[in-house]
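Undergrad:
In my numbering, the protein residues as written are 1 to 993.
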C-alpha cells in the first residue's frame, strides 16, 4: 500500500502478520497434526469432554481386511468422521469404535493362492493350521488399513477397535446362532440355493450381482397323458430339465390348443402336431419353431389345465413319473409359451410353488421329494439318469457340456421344437465374477415366516398384535423398519421391499475360515441339541481359544460329555455366512461393557432413553449389512439394532464410469493425500451430494483445491489481522459501528442453518453456507472495506478495535464450524488463533450465543446499502477496464438515488468507506441519462468522477487535505495522527529521505 518514493511507511502499518502459511503444504503438515493429536491423547480427551451427555453411537460397518483402502473406503470413513465430529460439537457423546470383517472366502482364496504357488494342497493342511494362516493374513491387512484410515483424519478408538475374528467376538457370534436354535428359527433343510462352483459354496443374495450372459434357450414339448396334445415350455437353462417335476400355468392367462398345418420337411414341429399354448404367444412360438401355418383347435380352460398331467419328455431315459400342472402367480404371457418349466431344486419360485402344492401333490400320489441333481462341482449326480459325467459348469466358471447333451436327448426324444441363444442378465458371484447356478443342497436356514416367542417391547407387541403363536421374523423386521429413521428417506422403501420378498436366510457356508454353526444334531433326524450347559462350554472355549476350538481333535467329546453321548450326535462343521458375522457386531460391541467400556450404558429410544445408534454405509447395504443386522437383532432381541440409517452412493470417475484398472481411471486416496492432502478429500466428500453417486478425478479435485485455497486465504487473513488484537481492548456491542454489527448479524444468521444442516447430516449445505459467507460476505465485502481502517487507523482507533473484536468472533465461529470438515486445516489455524487457551479446536463445541447479534432492522438497512454499493462497484469496474482509473480510491463518484427511504438508509454511514473510494457524493435525484444502473436496483445510478487532491503516501487515499499537516505533509490528517501515536509509543517510523 506504499509507493517506492518518499518515506517508507510500511513499518507503521498494521499489516497482517501470521505464521499460518498461504501454501497449505498439507501432505507434510497433516502427519505433524496427527502426531500432535496422539501426543495430547485427543481421542480420550474428546470422550472425557462430553462424558455424561446423550450418546450418539455410529456403529461402524466393518470393511473387509484384505487389501489397501480404495476411494470408496475413503468416502465412507470420511463421511462417518463428519458425522461423529459434528455430533460431538453439537453436544453429544459421540465415540466412534472402528471395526473389521475378517472371516470369509476372499481371505481363504488368498491363502489357497499362496499354497498353490508353493505346491501345497489345501486339503492336506489341518483345518486349524489353515485358519491360523487366514487369521494372520487378516491381522496384517487390518493394521495397514487402520493406518490408512487414520491418515484420512478419522478420529476414533483405534486401539480399542473390534474385529469379527477376535476370540470374544467369535464366542458371541456362536452364542447368537445358538439363540436362533433355541427359538426354533434355525433349521436344516433342502432348498435351491445360489451356488458358486468356482468357490464351492452357497451364496446369499447380497453376494450376487447380475451381469450379461449368453444362454441357450429351448422350446420343449411335454406329452399330455391321455390326449393327443403336448404342453410347451420355454427355458434358458436346458440343463435343469432333468430336475423338472411340474409345469406352472396361470389362471389369469388365456390358453388354446393349436394344430400345425404346414412345416418344412424335417422340421421338429410337424404337420398334425398339437400343442397347448398361451393364446397371446402362439404366433411367436410357431415362428420360432419355423411352422409355416397353424390353426387354433379350441380354447383350453385353466380348470382343465389344473387337472392335467404330463409325461416327462425324457421319460424313456428313466424319468418315468407324473408331471402335474400347477397354478402359479409367477407365470406371465410376456414371453415364452405361457407355461413355466418347474424344477423345484433349481429355482426359488419353482421351489415355492412345489412346496405350496404339497397337499395337492400327495392327493394325486405324486412324490414330493426334491432330487439332488447337481453336485458341488457342477456335475450331474446319480439321480440324473442318461447323462453320466455331464457337467453344468466347471471350476473355472465356464459352461460345461450338460446343456448340449440335454438338448441332444430332447431332439432324439422328438421333444424339441426350437432352440437358440440370447444375452440377458444372469446372476454372478460378486467375488469371482463367474456365473452361479441354482442347486438343491442341504443348508442351514433361518425361517422368516415361522411364528416364535420374540422379546418385544410394548410398542412393537401392540403394533404386531402378537398373540399366543407369536410374530414372525419378517413381521418384526418390517415393523422395525418403520420405526427407524432413514437418510435419505427412500432407503425405507428399498429395504422394506427386500425384507417383504426375501426367502428364508441361508446362513451356512461350506468353507473353513469363519465361525462354525456350533450346534449338534441328533443322528438319524433333524433335531438340534439345545442344552445350555453344552452351549456354555462351547462359548467359554471360543472366548478363550477362538472358534478353532470347534475344529480341534476330540471337540465333540469335549463339549458333549458327560451330559450326552457323542456317538449319538452329528457335529456341524459348516461355517456361518459372513453377513451373519457382521450382522452380529452390535451384540459384541454395543452390548459388551467389558471389551468396549466407552460404549457402556447406551439407553436407546426403545428403552426410553436419549441415546441414538446410527448405521452408515453405501446404498448396497440395504441388501447387505443393514439387512443382516436387522434380521439378526430382530430374531434375538425383537428390535432393530439401530435408530437411524444413513446411506451414501458409490464413487465414479469424472465421466460417470465405474473405476477399473483397465480403463486407467482409478483414483487412489493414497495418491490424492500425497499430492494434495486429506483435507481436499474431506472437502470433496462434504461438498458432494453423497445420497447419489459421487464423481472424482483430476479436474474435480482441482476445483475443490481452488475452493480450499479461498477458504484458507480467508482464514489466513483473519489470523494475520488478529496478530494486532489485544483481547483487553475488546469492544462491547453497544460501542460497535453499524458495519461490525451487520457482519456479526450475518454470522448469527447462518448459525441456525449450519447447526440444522449438521444435525441433518447435510454437509454440502454447510460447505455452501460457509463458502458463500467467507468469500462473499467477508473477503469480498467486509474485509475489503475494513482493510484501510485495520492497516492505517491510529492505535487508539475505536473503529479498528471494533473490527478486530468482530474478526476475533468471526474466526472463532468459522474455525469451529469448519472443524468437522477440514479437521487438519481448522486445527492448524486454531493453534495459531488460540495458542494458549485450548489444545485443540476438536475439544470445543459449536459457537454459542451468536443469536445475541441478530438485528433484523439493521440487516434490512444494510441489504439496501449493499444493493446501492453494487451499483457503485459495477460503475467503477467499467472505469478500471477502460483504464480511466487504476483503483477505486482514485474515484469520487456521484450516486443518484431517487428513493428517499433508500437515501435515508445511507445516513450516518461513511459510504465512501463502504465503496472503498476516496470520496463520494449522494445526489437526491433520479439517475441522469448515461449514468450506470443495474436493473435489480431501480432508481439508483452512478456517474463516475476522479477524486480530487493528492494521494496519501501511507494509505493511498486521495484527498485535498493531504499536505494540511505540517509535521507529516505527505499524508492525510488521519494518517498523520496515526504516525504521531506510533511515534509516541516508540514505534519505528521506517526509512526517510
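C-beta atoms are modelled at their ideal positions from N, C-alpha and C, and glycine is treated no differently.
Considering Cα atoms alone, identify which of 660, 164 and 387 is closest to residue 314.
TA: Residue 314 has its Cα closest to that of 387, out of 660, 164 and 387.
Undergrad: Hey, out of 54, 684, 770 and 473, whose CA is closest to residue 816's CA?
TA: Residue 816 has its Cα closest to that of 770, out of 54, 684, 770 and 473.
Undergrad: Taking the Cβ atom as the reference point for each residue, do residue 819 and residue 47 lie within a distance shorter than 9 angstroms?
TA: Taking 9 angstroms as the Cβ cut-off, residue 819 and residue 47 do not qualify as a contacting pair.
Undergrad: For residue 994 and residue 615, I'd like the C-alpha separation in whole angstroms.
TA: Because residue 994 is not part of the residues shown, which for the chain are 1 to 993, the question remains open.
Undergrad: Compute the Euclidean distance between the alpha carbons of residue 276 and residue 259, then round it to the nearest angstrom.
TA: Using only the alpha carbons, I get a separation of about 9 angstroms.
Undergrad: Per DSSP, what kind of secondary structure is residue 796 in: helix, strand or coil?
TA: The answer is coil: DSSP assigns residue 796 none of H, G, I, E or B.
Undergrad: Return the chain-ordered list of same chain residues with a C-beta closer than 6 angstroms to the C-beta of residue 773, the five sequence neighbours on each side being excluded.
TA: Around residue 773: 750.
Undergrad: Where do the N-terminal and C-terminal ends of the alpha helix (DSSP H) with residue 303 fall, by residue?
TA: Its alpha helix (DSSP H) spans residues 302-306.
Undergrad: Under the three-state reduction of DSSP, which class applies to residue 178: helix, strand or coil?
TA: Helix.
Undergrad: Would you decide whether residue 985 is buried or exposed? Buried here means 16 or more other CB atoms lie within 10 Å of its CB.
TA: When all chains shown are included, residue 985 counts as exposed.
Undergrad: Just the Cα atoms here: how many angstroms apart are residue 622 and residue 255?
TA: If you take the alpha carbons of residue 622 and residue 255, they lie about 40 angstroms apart.
Undergrad: Put residue 818 into one of helix, strand or coil per three-state DSSP.
TA: Helix.
Undergrad: For residue 700, which of 727, 651, 840 and 645 has the nearest alpha-carbon?
TA: Among 727, 651, 840 and 645, the Cα nearest to that of residue 700 belongs to 651.
Undergrad: Between which two residues does the beta strand (DSSP E) carrying residue 234 extend?
TA: Looking at the DSSP string, the run of the beta strand (DSSP E) that includes residue 234 is 230-235.
Undergrad: Using only alpha-carbon positions, find the residue among 579, 842, 954 and 886 that is nearest to residue 50.
TA: Comparing Cα-Cα distances from residue 50 to each of 579, 842, 954 and 886, the minimum goes to 842.
Undergrad: Taking Cβ to Cβ, would you say residue 101 is nearer than 9 angstroms to residue 159?
TA: No, the Cβ-Cβ distance between residue 101 and residue 159 is not below 9 angstroms.
Undergrad: Around the C-beta of residue 493, are 16 or more other C-beta atoms found within 10 angstroms, so that it is buried, or is it exposed?
TA: The residue in question, residue 493, is exposed, as its Cβ has fewer than 16 Cβ neighbours within 10 Å.
Undergrad: Please determine if the stretch 666-680 and the stretch 617-632 are in contact, where contact requires at least 3 C-beta pairs separated by less than 8 angstroms.
TA: At 8 angstroms Cβ cutoff, the stretches do not touch.
Undergrad: Quick one: residues in its chain with C-beta nearer than 7 angstroms to the C-beta of residue 946, no 5 flanking neighbours on either side, listed in chain order?
TA: Result list for residue 946: 885, 890, 891 and 892, in chain order.
Undergrad: Going by beta carbon distance, what residues of the same chain come within less than 7 angstroms of residue 599, once the five residues before and after it are set aside?
TA: So the qualifying residues of the chain are 57, 95, 97, 589 and 590.
Undergrad: Quick check on the DSSP output: what are the complete beta strand (DSSP E) runs of length 3 or more inside the stretch 638-702, in order along the chain?
TA: Fully enclosed beta strand (DSSP E) runs of 3 or longer: 644-648.
Undergrad: Which residues bound the beta strand (DSSP E) around residue 614?
TA: Element bounds for residue 614: 612-618.
Undergrad: For the ligand COA, is there a heavy atom less than 8 angstroms away from the beta-carbon of residue 14?
TA: Among the ligands in the structure shown, none appear at all, so the ligand COA cannot be discussed.
Undergrad: Using DSSP with H/G/I as helix, E/B as strand and the rest coil, what is residue 310?
TA: Residue 310: strand per DSSP, three-state reduction.
Undergrad: Along the chain, where does the alpha helix (DSSP H) that runs through residue 115 open and close?
TA: It spans 105-117 - the alpha helix (DSSP H) in which residue 115 sits, taken as one unbroken run.
Undergrad: Helix, strand or coil: how does DSSP classify residue 576 here?
TA: Reduced to three states, the DSSP call for residue 576 is strand.
Undergrad: For residue 324, list the residues DSSP reports as bridge partners.
TA: Answer is 309, bridged to residue 324.
Undergrad: Once the 5 residues before and after residue 468 are set aside, which same chain residues still bring their CB inside 7 angstroms of it?
TA: A caution first: residue 468 carries a pLDDT of 48, below 50, which makes its placement in the model unreliable, though a value can still be read off. Here the set comprises nothing.
Undergrad: Who pairs with residue 428 in a beta bridge, going by DSSP?
TA: BP columns for residue 428 point to 209 and 435.
Undergrad: Please report how far the alpha carbon of residue 125 lies from the alpha carbon of residue 208, in whole angstroms.
TA: So the two alpha carbons sit approximately 30 angstroms from each other.
Undergrad: Taking 8 angstroms as the cut-off, does the stretch 825-834 touch the stretch 14-28 (at least 3 CB pairs, one atom from each stretch)?
TA: Cβ pair count under 8 angstroms is three or more, so yes.
Undergrad: Relative to the C-alpha of residue 583, which residue among 536, 531 and 507 is closest?
TA: Ranking the options by Cα distance to residue 583, first place goes to 507.
Undergrad: Spatial neighbours of residue 829 within its chain, please: CB distance less than 7 angstroms, with the 5 preceding and 5 following residues excluded, ordered by chain position.
TA: Within the same chain, residue 829 has close Cβ partners 20, 715, 719 and 815.
Undergrad: On the DSSP bridge assignment, give the partners of residue 445 in chain order.
TA: In DSSP, residue 445 forms a bridge with 187 and 506.
Undergrad: Rounded to a whole number of angstroms, what is the C-alpha to C-alpha distance between residue 574 and residue 552?
TA: Their backbone Cα atoms lie some 15 angstroms apart in a straight line.
Undergrad: Give the DSSP-derived three-state secondary structure of residue 29 in the structure shown.
TA: Helix at residue 29.
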